[in-house]
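**Q** Please find one structure pasted underneath; my questions will follow.
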Amino acid sequence: MESLLGENGKRFCISRAALSMMGTPKLGYLVIIVDECVVLVCLNVVLGLISVLTEIDDWSRLSPIVMEQRQEALSCMYYLLQRFSLKFVGVDSNVLERILFTVLSILESKSFSRNFLVAAEVTFCVALQVCLSLKELGLFIIEGIFNESFIVCPKFAFADIVEKISFKGNLIDELSKFSSLSRLFLVQSFQFSCPDGDVDLPAASKDINAK
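Structure below.
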């Protein structure tokens with residue numbers, strides 16, 4: 006596991022290499038290489054971010070280089086989750102759980118810049134999209150983030166949606182700790198990360214019954 010953190014403990018070395026490859030004008034056959042290493046790259050990002058969180062808990066001051074690297078690492082993970090989402094389904098769903106847990110820990114911290122938190126929010130949102138359809142995501146936003154239960158969806162229940170998310174803890178309890186402003190920022194991130202900004206919010210129960 007230490008080798009995934011990088012040689013001599015260098016953080017984000019694997020994700021930085023992947024980001025460099027993805028920045029190649031004509032990616033071509035390199036896509037195949039990235040595709041085979043997606044889970045490994047994201048695990049490198051997770052371990053690097055965990056080490057950053059540990060340093061912050063120990064009241065360490067991060068260097069400007071580390072702050073830049075962590076931003077790039079989140080951008081890399083966002084791209085990989087969006088483009089290679091199927092890699093995180095099934096046997097590698099435990100990696101997705103670690104991603105969600107780590108990004109959620111960042112969002113709960115008050116030690117990061119707004120720019121970094123925005124990157125964490127969109128990464129969190131795109132990670133949820135690995136587990137949920139746009140309709141399920143819409144219901145999750147209404148009940149899971151805003152704690153509104155006036156929605157009745159005939160196709161699936163909210164409890165079933167939560168069960169599909171690769172997260173062993175109580176995700177809803179964690180989200181309930183967010184301030185109202187943080188929740189609004191999170192919803193804005195959902196719109197940014199969804200295809201064409203289209204979050205499929207379900208209709209209210211009275212509208213459904215009226216049809």
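The numbering used here numbers the first residue of the sequence shown as 6 and each following residue consecutively. Cβ atoms here follow ideal geometry from the backbone N, Cα and C, with glycine treated the same way. Just so it is clear, the structure is predicted and the values come from calculations on it, not from any experiment.
Should residue 102 and residue 172 be called a contact, given that it needs their Cβ atoms to be closer than 8 Å?
**A** Numbered from its first residue, the sequence shown carries residue 102 at position 97. Numbered from its first residue, the sequence shown carries residue 172 at position 167. Cβ atoms of residue 102 and residue 172: closer than 8 Å.
**Q** Compute the Euclidean distance between the alpha carbons of residue 125 and residue 109, then round it to the nearest angstrom.
**A** One-based indexing of the sequence shown puts residue 125 at position 120. One-based indexing of the sequence shown puts residue 109 at position 104. Computed Cα separation, rounded: 8 Å.
**Q** Determine the closest residue to residue 94 out of 73, 137, 65, with distance taken between C-alpha atoms.
**A** Sequence index remark: in the sequence shown, residue 94 carries index 89 (1-based). Minimum Cα distance to residue 94 is reached at 137.
**Q** Please return the same chain residues whose Cβ sits closer than 8 Å to the Cβ of residue 58, not counting the five positions on each side in sequence.
**A** Start at 1 with the first residue of the sequence shown, and residue 58 comes out as number 53. Excluding residues within five positions, the ones whose Cβ falls inside 8 Å are 107, 110, 111, 114.
**Q** Since residue 104 and residue 132 are thought to touch, with beta carbons under 8 Å apart, how far apart are those beta carbons, to the nearest angstrom?
**A** Here residue 104 refers to the residue found at position 99 when the sequence shown is read from its first residue. Here residue 132 refers to the residue found at position 127 when the sequence shown is read from its first residue. Indeed they touch by this definition, with Cβ atoms about 5 Å apart.
**Q** Determine, using beta carbons only, whether residue 47 and residue 85 come nearer to each other than 8 Å.
**A** Residue mapping note: residue 47 aligns to position 42 of the sequence shown, counting from 1. Residue mapping note: residue 85 aligns to position 80 of the sequence shown, counting from 1. Yes; because the gap between Cβ atoms is below 8 Å, this pair is in contact.
**Q** May I have the straight-line CA-CA distance separating residue 83 from residue 17, to the nearest angstrom?
**A** Walking along the sequence shown from the start, residue 83 turns up at place 78. Walking along the sequence shown from the start, residue 17 turns up at place 12. So the alpha carbons of these two residues sit roughly 14 Å apart.
**Q** Apart from the five residues just before and just after residue 151, which ones in its own chain have a Cβ nearer than 7 Å to its Cβ?
**A** One-based indexing of the sequence shown puts residue 151 at position 146. Within the same chain, residue 151 has close Cβ partners 188.
**Q** Thinking C-alpha only, which one of 69, 161, 44 is nearest residue 139?
**A** Walking along the sequence shown from the start, residue 139 turns up at place 134. The option with the nearest alpha carbon to residue 139 is 161.
**Q** Three-state secondary structure (DSSP) at residue 7?
**A** What you label residue 7 is simply residue 2 of the sequence shown in a count that begins at 1. Low local confidence applies: a pLDDT of 47 at residue 7 is under 50, so the model's placement there is unreliable, and no value is given.
**Q** On the premise that residue 100 lies in contact with residue 44, defined as a C-beta separation below 8 Å, what is that separation, rounded to the nearest angstrom?
**A** Your numbering for residue 44 matches position 39 in the sequence shown. Your numbering for residue 100 matches position 95 in the sequence shown. Contact flag correct, Cβ pair sits at about 5 Å.
**Q** If you compare alpha carbons, which of 53, 170, 36 is closest to residue 130?
**A** Translated into the one-based positions of the sequence shown, residue 130 becomes position 125. Ranking 53, 170, 36 by Cα distance to residue 130 puts 170 first.
**Q** Under 8 Å Cβ to Cβ from residue 212, same chain only, skipping five residues before and after it: list those, please.
**A** By 1-based counting over the sequence shown, the position of residue 212 is 207. Below a pLDDT of 50, predicted positions are generally treated as unreliable, and residue 212, at 41, falls in that range; no measurement from the model is reported.
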